[in-house]
Each structure stands twice: as C-alpha cells, then as structure tokens.
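The structure under discussion appears below in the form of structure tokens.
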Amino acid sequence: MSWLWEIFKATLAAVAVFTFLALVGAMLGVYLERKISGWIQSRLGPKHVGPQGILQTVADTVKLLQKENIVPTNADAITFNVAPLMAAVAGLLAWIIIPFGPIFGRVVIVRDINIGLLFFIAMASLIVIAILLGGWSSNNKYALLGGFRSASQMISYEIPLALAVLVPVMMAGTLSTVGIVEAQRGGWLGIGNWFIFGLPGNRWLLIPGALAFLVFFTAATAEVNRVPFDLPEAESELVAGYFSEYTGMRFALFQLGEYAEAFAMAALTTVLFLGGWHGPLLPGVVWFFTKMFALVFVLMWVRWTYPRLRLDQLLHLSWKGLVPLGFVLVLVTGWLLI
Amino acid sequence: MGELGAFIILALVTLLPAAAVVTSRNLVRAAMSLVPSFLGVAGLFVLLQAEFVAGIQILIYAGAIAVLILFVIMLTAGGTGTAVRQANEQRVVGGLAAAALTAALLALLLRTAWPLAAGSLPRANVAAVGSAFLTTFVLAFEISSVVLLVSLVGALVIARRER
Amino acid sequence: MLLDWLYVAVFAVVGVVMAGLPLALVWALAPRAEYPQKHLTYESGVVPFGQAWAQFNIRYYLFALVFVLFEVEVIYLFPWAVVFRDFITQRLGGFVLAEAALFIVILGMGLLYAWRKGALEWV
Chain Y
59 MSWLWEIFKA TLAAVAVFTF LALVGAMLGV YLERKISGWI QSRLGPKHVG
109 PQGILQTVAD TVKLLQKENI VPTNADAITF NVAPLMAAVA GLLAWIIIPF
159 GPIFGRVVIV RDINIGLLFF IAMASLIVIA ILLGGWSSNN KYALLGGFRS
209 ASQMISYEIP LALAVLVPVM MAGTLSTVGI VEAQRGGWLG IGNWFIFGLP
259 GNRWLLIPGA LAFLVFFTAA TAEVNRVPFD LPEAESELVA GYFSEYTGMR
309 FALFQLGEYA EAFAMAALTT VLFLGGWHGP LLPGVVWFFT KMFALVFVLM
359 WVRWTYPRLR LDQLLHLSWK GLVPLGFVLV LVTGWLLI
Chain W
10 MGELGAFIIL ALVTLLPAAA VVTSRNLVRA AMSLVPSFLG VAGLFVLLQA
60 EFVAGIQILI YAGAIAVLIL FVIMLTAGGT GTAVRQANEQ RVVGGLAAAA
110 LTAALLALLL RTAWPLAAGS LPRANVAAVG SAFLTTFVLA FEISSVVLLV
160 SLVGALVIAR RER
Chain P
1176 MLLDWLYVAV FAVVGVVMAG LPLALVWALA PRAEYPQKHL TYESGVVPFG
1226 QAWAQFNIRY YLFALVFVLF EVEVIYLFPW AVVFRDFITQ RLGGFVLAEA
1276 ALFIVILGMG LLYAWRKGAL EWV
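First to last, the sequence lines map onto chains Y, W and P.
Using the numbering used here, you'd call the opening residue of the first sequence number 59 and step up by one each time.
Using the numbering used here, you'd call the opening residue of the second sequence number 10 and step up by one each time.
Using the numbering used here, you'd call the opening residue of the third sequence number 1176 and step up by one each time.
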C-alpha cells in the first residue's frame, strides 16, 4: 500500500505549492507589480491597506470573492468554467520540476522528472488551449479576436523558447533540471560556471550562451503575454482581450495562471542560464530566490520601458528573427562544443 | 494492483472524451474533448515506461494539433457552436459494420500469442532515442525532415490556392 | 519513474480542486440580483450588434500550420541535443553535427518557402 502513502505525500506537496503560488505568485506578485510600476512612474502605489500597502492584494481577493457570478447569454457554460481552471492548473503543473536549492543536503524539488524541460514546455503549450477556449466561450467578438491573437502569439513564441532551451541542454547533456543546475557547479566565486558565460573549458560558448538567454527571456515574456507583447490583452485595443467577459473569481484564476507562469519562466531562466542555486557565500535557496525575483523585477521594469509591439511586428520578430536565430545558435553551440 | 487501477482510470480518461468527440452536437466541444483524450494516451505511454513519447504526445498532440483543429473549427461555420447532427440515414448499417470490425479485432487480439520482449526499456529514454536516431536510424531521421518539408509546402499550397 | 508521473496526476487533481474552491466559495457567498441586461455581452457599452462570430482571417490558421510542423522539428532535435556530448567523447561529434545540420537546413528551406510565399505576413 505504499502508493497510498505516496499519494498522500503528493497531495501535501500539491497543496503546499498551490498555496505558495497563490501567496507569492499572485498576491506578492501583483503587489510588487503595482509598487514597482508606481515607483517607475514617480508615484507611490498602494499605501493604505496594511503597512505600506502589503495587504492590498488580500483586500482585492476578498472583494473578488463577493462579486456576482455572471455568465453571458449564449456563452457555452461548461467551456466558460473549464477554461480558467485549465489555465490555473497548467500554471501550477509547470512548478513540479523547478528546483529550489539544497536544504540539509537534499535538493528541494517536487519531482525531478527525467524529461523535466520537455514537460515544462508541454505545460506552457496547454495554456494556449485554455486561452483559446476562454476567448471562444464568451460569445463576444472582442474576446474571440483576443483569444485568436493571444493564441497566435503564444504558439509563435514557443519555437524560439524550445530552441533556446536546447543550448543549455547541449551544454549539460540532460533534460532534467537538477542535472542542468548540477552541471553549472563550481567555477570562480560560484558564478564562473553559469551557462550564460559558456563552459569553463570553452569560453567562446559565452556568445551562444548569452544570446540564448536573451532569446529565451524574450520568448518567455511573449509566452506570458506581458508588455511589450501584451497586445491581446491591451485595454486600449480589445478591452481586456480573451478575458473580457470573465468577472470575479474566474478572472482571478486566469491572472493566477498568468502570474504563476511568469514566475515559473523566471525560475526556469535562472535554472537554465544563471546557475540555479549556485553562488558565493549565501545558502543555495537564498540565491535561487534572489535570482528569480531579480528576473521578475526585470520583467516588470521592461513593462514600463518599451512600447507595445503591434501584432504583425510581434509575429515577424518571432518567425523572421528569433526562429532563424535560434537555429543558428543551436548549430553554433554544436560546432563550438566539438 | 496500483498499475491496474491507473490503467483503468487512464482508459476511462481516454475513451469517454473520445466518445464525446464523435457524438457531441457542438463541434467546438467535440474538438475540446480531444484534449483529455490525448492526455489519457500520454498517461498510457507513461505506464509503458515510454516517458519521452508521453512528453511528446502532450506537447504535439494536445499542444499543437488540438490548437490547429480548434483554430480551423472556430474559423469556419462550426465556430458558432450550432448543433450538428452527427448521424445520418445509414446508422444501422454503420453500427453493424462497427460491431463486425470490433468482433474481428477482438478475435485477432485474443488469439495471437504476443511475444514479450526481453528486458525493459532503458531508464534514460531520451538518450537511448537520441543514440538510435543518430546511428541505427539516421536515414529515417533525415527522411523525416524531407517528409516535414513536403507536408509544409503542400499545406501552404493548398491553403493559399484562393489567392 | 512511474512515481514522478503519479505526482503529476495528483497535482492535476489537487489543482482542479483547489482552483475550484474559490469558485465554489463565490457561488455560495456572492449576491444574486438578476436582471437580463446583466447577461448581455460587452461591446463598449452599446447593445451588441450582429452575431458574436464573424468570418475571421485565414492568417491565424496558416500560423498554426507552420507552428505544428516546426514544433515537430524541434522535438526531433531534443534527443540529438541530449546525446550530443556523449558522441563528442566517442569522437563522432562532427558527424553527428552534420546530421543535425542537414536536418535543420532542409527545414530552414521550408521556413524560407513560407516566408517568400507570404504565409508569415499579417496583411
């Protein structure tokens, strides 16, 4: 009956990760976004609810809980309800393979799946379906158009994402996240062996390494529909895009899925390119979270720095820019490794 | 025992949405039911210890092909979700043909002495597949790229014929 | 290995339950003041005009098509990337790289074809 005990442990882990995502990803993430946006725009952001406005998102969640449940006429009720659930669950499942760092010698990770990176990309592609169904089921022209545009954007950027992932995979020789972080162990001050700087014996790999980091981060920004790639949900364009008709808690679930995916992308970038939990003096877990939050800060910083790309510019950037660049990077990495 | 339970659950997850695909009166719901069916098949691959194939199944089928099918349906008249009858006058004959085919397949499956392969799949699935691609099956690997090229060109020619 | 995927299955089920909890909470707590205008679809404040579904551009379909084919190609490159270093230690690195380069070049021609034929345009 040991599998019953394993199911119990898995349930505990799932509840823990979901709570972590709801607290850190959604609540802290939304609060950080509003505060950082405020500072960049020379204003203060939320300040009244709780000390320095920390409880603002809690208040917002309580507000959303008591909003009326409105389903538009002629909307497909089943799909309308399934879509946000699917988005939230796919965002949650992506966190299974993220390693947080060693505590008492063992790496804290839910499960180190052998095909970890492939699994992550597969979860990112499931969110596309959730968005498409959400847009269609609202029975709203704007929502459907937003769903199409968002789906087109996300599928266009999945290819550069997968290609950029291939570069650290080639340098490490494994698809397992723990394996990739372990391959970046050691080096000068614990930093020298990060894949963004190439391999210790082969410093020329810094060029494809750093470029692959940029390609991955750009594709990740587009995957989570953030500025400069947020045309599908821009207020000035399509109201709110595919979630125009979603109110209250369903809207919160879509947002949870998006923020969970954004944090997961930041976490995966640190695992693939920035050495995961490796670094000088401080314990590994601290380094991991520092790097992850630094990348999240960069995501939010980019939001208020660049103008929004038009849809055709966005698609051209992917298909005519990042995809050929990704192929070239893979071949160059292969050539340099020989 | 646990594996049998997992197999039954996965078989239900695969077959019930598949039944919904062929009987649903709403085309978009039919296409949407493909997704849990594909995920069930991925689970069955995992039970067969083929992790890599399971990952590819989720990524390609549920993530790419289901999206393509949904795009196509939503761009055509089926996108309104109007009720479509999934049956015609030849239901009885069709049912008899399906039953005969089922009987034939069952007889075939139950009477063959399936030889069991010795050993088990290598634990490092991806590395084994990679080595096979690059040594034993390299011709198939390169020809599959030509097949992909041909299908890309063919699909674009057909899709753009109206221009 | 099966244990890993058991965790994935449990995560999916628990995720659905935990994501459904707030929805159930809303259904229990939220006020209900029904009148038909509330269920009208949103169209910038005016009464919705025409059907919700219109003939959309065929462009979306072409992008999805090209995406499927290139996704399959990238999948073929994953096992190659994983065993690449092993082949280098066996001194077959150049050969293996040439195989992959041929694969990528053939499909690069496909991308070039799609580009020149305007399948990647958004007009």
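For each residue, glycine too, the CB sits at the ideal point set by N, CA and C.
Within chain B, the residues that residue i reaches when beta carbons sit closer than 7 Å
i: W:PHE61; result: No chain B appears in the structure shown, which is made up of the protein chains Y, W and P.
Chain Y within 8 Å of residue i, Cβ atoms only
i: W:ALA29; result: no
i: P:ILE1263; result: yes
i: W:VAL55; result: no
i: P:GLU1246; result: yes
i: W:GLY139; result: no
i: W:LEU24; result: no
i: P:GLY1283; result: yes
i: P:TYR1235; result: yes
Test: residue i CB closer than 8 Å to a CB of chain P
i: Y:TRP63; result: no
i: W:ARG169; result: yes
i: Y:MET307; result: yes
i: W:PHE150; result: yes
i: W:ALA112; result: no
i: W:VAL155; result: yes
i: W:SER160; result: yes
i: W:LEU84; result: yes
i: Y:ARG164; result: no
Sub-8 Å separation of residue i and residue j beta-carbons
i: W:SER154; j: P:LEU1244; result: no
i: Y:GLY267; j: Y:VAL227; result: no
i: Y:GLY315; j: Y:ASN127; result: no
i: P:ALA1199; j: Y:VAL147; result: no
i: Y:ALA322; j: Y:TRP63; result: no
i: W:VAL76; j: P:ALA1276; result: no
i: W:SER129; j: W:GLN58; result: yes
i: P:PHE1253; j: W:VAL135; result: yes
i: Y:GLY83; j: Y:TYR317; result: yes
i: P:LEU1204; j: Y:GLN124; result: yes
i: Y:MET229; j: Y:LEU263; result: yes
i: Y:GLY392; j: P:LEU1272; result: yes
i: P:ASP1179; j: Y:ARG169; result: yes
i: Y:LEU330; j: Y:VAL223; result: yes
i: W:GLY72; j: Y:ALA180; result: yes
i: Y:TRP194; j: W:VAL37; result: yes
i: P:LEU1237; j: W:ALA168; result: yes
i: Y:PRO218; j: Y:ALA277; result: yes
i: Y:GLY159; j: Y:VAL343; result: yes
Neighbour list for residue i in chain W, Cβ cutoff strictly below 7 Å
i: Y:PHE177; result: GLY64
i: P:VAL1271; result: LEU143
i: P:ALA1239; result: VAL76, LEU77, PHE80
Which residues DSSP lists as bridging residue i, in chain order
i: Y:LEU257; result: Y:ASN260
i: Y:VAL165; result: Y:PRO160
Neighbour list for residue i in chain P, Cβ cutoff strictly below 8 Å
i: W:ALA136; result: PRO1254, VAL1257, VAL1258, ASP1261
i: W:ARG132; result: MET1176
i: Y:VAL73; result: VAL1189, MET1193
i: W:SER46; result: Under the 8 Å cutoff, chain P gives no residues; its nearest Cβ is about 15 Å from W:SER46.
Any C-beta of chain W under 8 Å from that of residue i
i: P:ALA1289; result: yes
i: Y:LEU233; result: yes
i: P:LEU1200; result: no
i: P:VAL1185; result: no
i: P:ALA1276; result: no
Chain W contact residues for residue i, given Cβ-Cβ distances below 8 Å
i: Y:THR137; result: VAL37, ARG38, MET41
i: P:TYR1182; result: Chain W residues near P:TYR1182: none, gap ~12 Å exceeds 8 Å.
Rounded Cβ spacing between residue i and residue j (contact assumed at less than 8 Å)
i: Y:ALA188; j: Y:ALA141; result: 5 Å
i: W:PRO45; j: W:VAL22; result: 6 Å
i: P:GLU1246; j: Y:GLU319; result: Not a contact, Cβ separation roughly 18 Å.
i: P:PRO1255; j: W:PHE142; result: The residue you asked about is not Pro; residue 1255 of chain P is Trp in the sequence shown. With a Cβ gap of about 7 Å, P:TRP1255 and W:PHE142 count as contacting.
i: Y:VAL333; j: Y:VAL239; result: Residue 333 of chain Y is actually Gly in this sequence, not Val. With a Cβ gap of about 7 Å, Y:GLY333 and Y:VAL239 count as contacting.
i: W:ARG150; j: P:PHE1278; result: The amino acid at residue 150 of chain W is misidentified as Arg; the sequence shows Phe. Indeed, because the Cβ distance is near 7 Å, the residues count as touching under 8 Å.
Cross-chain neighbours of residue i in chain Y, by beta carbon under 7 Å
i: W:SER68; result: Reading off the sequence, residue 68 of chain W comes out as Leu, not Ser. Within 7 Å Cβ-Cβ: LEU176, ILE179, ALA180, SER183.
i: W:VAL76; result: VAL186, ILE187, LEU190, ALA209, ILE213
i: W:GLY11; result: TRP61
Chain-ordered neighbours of residue i on chain Y, where CB pairs are closer than 9 Å
i: W:ALA71; result: ALA180, SER183, LEU184, ILE187
Neighbour list for residue i in chain P, Cβ cutoff strictly below 7 Å
i: W:VAL50; result: Per Cβ cutoff of 7 Å: no residues; W:VAL50 is ~13 Å from chain P at best.
i: Y:VAL227; result: ALA1256, VAL1257
9 Å Cβ cut-off: residues of chain W touching residue i
i: P:GLU1296; result: Chain W residues near P:GLU1296: none, gap ~11 Å exceeds 9 Å.
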